[in-house]
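Visitor: Let me give you the structure first, and then I'll get to my questions.
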Amino acid sequence: MFSSRFKWDLAPNRLSQLLEKKKQAGAQVLDLTESNPTRAGFVYPVSEILHALATPQAMIYQPLPRGLISARQAIADYYREHGETVGPERIHLTASSSEAYAYLFKLLADQGDAVLVPQPSYPLFDFLAALEGITLQPYELVYAHPVGWQIDFDSLQRAMTDRTRAVIIVNPNNPTGSFIKQQELEQLLALCAERKLALIADEVFSDYAIAEDNKRLSSLVSVSSVLTFVINGFSKTLALPQMKLSWIVTGGPAEWQREAGERLDLIADTFLSVGTPIQQAAAVLLGLRASMQRQILQRVRNNLRFLEQVMEDTPCRTFKVEGGWYAVLEVPRHASEEEITLSLLEQDDVLVHPGYLFDFRREAFLVLSLLPTADLFREATQRILARIAGR
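Under the numbering used here, think of the first position of the sequence shown as 6, with each following residue one higher.
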């Protein structure tokens, strides 16, 4: 009766069941999986945000496939402030980065075609690909101290088949926090050109660089040699996931840009999912981003610094983080990641992500959000260390 795309077991897993049990019992769970900045104690300019959404122009409906020119110009101005030139005609608005991926999968792939995705990376890709009827082919990110995480180009080439249509990079990656470097991009572009593959760059965390590094690339909007799509949006850039505005910037050779833009017009016109109020408010809201980003970056940097310090000379290992909101912690494999995370929740009231959720190839890894308040984060990480050291 239902589509075969629904290949997942919809029953709650053991961790979800235990968490619900804890909540019902009134336990104070220290949540290190928090990804929602609106619940992390940051101070928002509430009156300015609400005032921007209340403009009278929000009452006028203009169903434009690419979105209102005022919103797209505001996004073009955002890139100009980052030293990039992006004309508003290259921009398509979407309601979310997930929808942006769905549009691009519709644009680039037929049923049974494949896209390459980094491993580790966040699990959203599995759902998006399956719901569009395409397959995923993972390629590996490998870690080398002190350089950090890098693309394994041997695994990238091995993953390519005749059905591969695009390569996805997440810049910086979630959860590793690694940015792509200029040398990596040059190799990647050469492979994409040779195989006639599109390049999809997810840059939703690009404004959250931990430290300066002139070797990394914060954006791929200026790529001109292969068909390129850059995804970003308000969810991370403004820490406003509820506002539901993201975008796609199309780049590459002029003729491919034109053809891709026309086809994206048809896809977007079919759904017209982006609300008028948020489009009308886009310019004002983007002008408010500095205060939010400053708060988040300070929190992330402080929590990461504490994590690195408290884990020194312990059985645990932290990894270099270049950007984003997450940290990866390797712990001794005295048990499976599932058992470790269940134990932390059951006995210590600490919730963390197991590494397998992000497709780490081996165990045991924990993925920690760096968004929680300093007090919560410090208490939770000390409980983790006590649990691991006490085994």
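Here a beta-carbon is modelled for each residue, glycine too, at the ideal position from N, C-alpha and C. Since the model is a prediction, treat every value here as computed from it, not as a measurement.
What are the boundary residues of the beta strand (DSSP E) that His97 is part of?
Guide: Unbroken beta strand (DSSP E) run through His97: Ile96 to Thr99.
Visitor: Report the partner residues of Thr140 according to the DSSP bridge assignment.
Guide: Answer is Ala119.
Visitor: Going along the chain, which residues of its own chain have a beta-carbon closer than 7 Å to the beta-carbon of Arg383, five neighbours each way excluded?
Guide: Same-chain partners within the cutoff: Phe311.
Visitor: Check each candidate in Ser278, Asp380, Trp13 and Ile393 and name the one with the smallest Cα separation from Pro320.
Guide: Measuring from the Cα of Pro320, the nearest candidate turns out to be Ile393.
Visitor: Could you spell out the range, first to last residue, of the alpha helix (DSSP H) harbouring Gln188?
Guide: Unbroken alpha helix (DSSP H) run through Gln188: Gln187 to Arg200.
Visitor: Under the DSSP definition of a beta bridge, which residues are partnered with Gly330?
Guide: At residue 330 the sequence reads Trp, which differs from the Gly that was named. Trp330 pairs with nothing; no bridge assigned.
Visitor: Return the first residue and the last residue of the beta strand (DSSP E) that Thr169 is part of.
Guide: Segment Thr169 to Val175, the beta strand (DSSP E) holding Thr169.
Visitor: So which of Asp118, Thr43, Ala286 and Gln142 has the shortest CA-CA distance to Ile54?
Guide: Among Asp118, Thr43, Ala286 and Gln142, the Cα nearest to that of Ile54 belongs to Ala286.
Visitor: Which of the three DSSP states, helix, strand or coil, is assigned to Glu335?
Guide: Looking at Glu335 - three-state DSSP - the assignment turns out to be strand.
Visitor: Can you give me the C-alpha to C-alpha distance between Ser102 and Asp270, rounded to a whole angstrom?
Guide: C-alpha separation (whole angstroms): 17 Å.
Visitor: Could you tell me which of Gly280, Gln284, Ser374 and Val336 sits nearest to Leu302, measuring between CA atoms?
Guide: Of the listed residues, the one whose Cα sits closest to Leu302 is Ser374.
Visitor: Which word fits Lys28, buried or exposed, when buried means at least 16 other C-beta atoms lie within 10 angstroms of its C-beta?
Guide: That one is exposed.
Visitor: Whole angstroms are fine: how far does the CA of Gln116 sit from the CA of Gly138?
Guide: If you take the alpha carbons of Gly138 and Gln116, they lie about 5 Å apart.
Visitor: Report the rounded CA-to-CA distance for Gln4 versus Leu129, giving the unit in angstroms.
Guide: Past the edges of the chain, shown from 6 to 396, lies residue 4, and the structure says nothing about it.
Visitor: Can you tell me where the alpha helix (DSSP H) holding Phe184 begins and where it ends?
Guide: Segment: none, Phe184 is in no alpha helix (DSSP H) and carries neither H nor E.
Visitor: Among residues of its own chain, excluding the 5 on either side of Gln476, which ones have a beta-carbon nearer than 6 Å to its beta-carbon?
Guide: Outside the displayed span of the chain (6 to 396) sits residue 476, for which this structure offers no information.
Visitor: Note down the Cα distance separating Ile283 from Pro377, rounded to an integer number of angstroms.
Guide: Near 27 Å, if we compare the C-alpha coordinates of Pro377 and Ile283.
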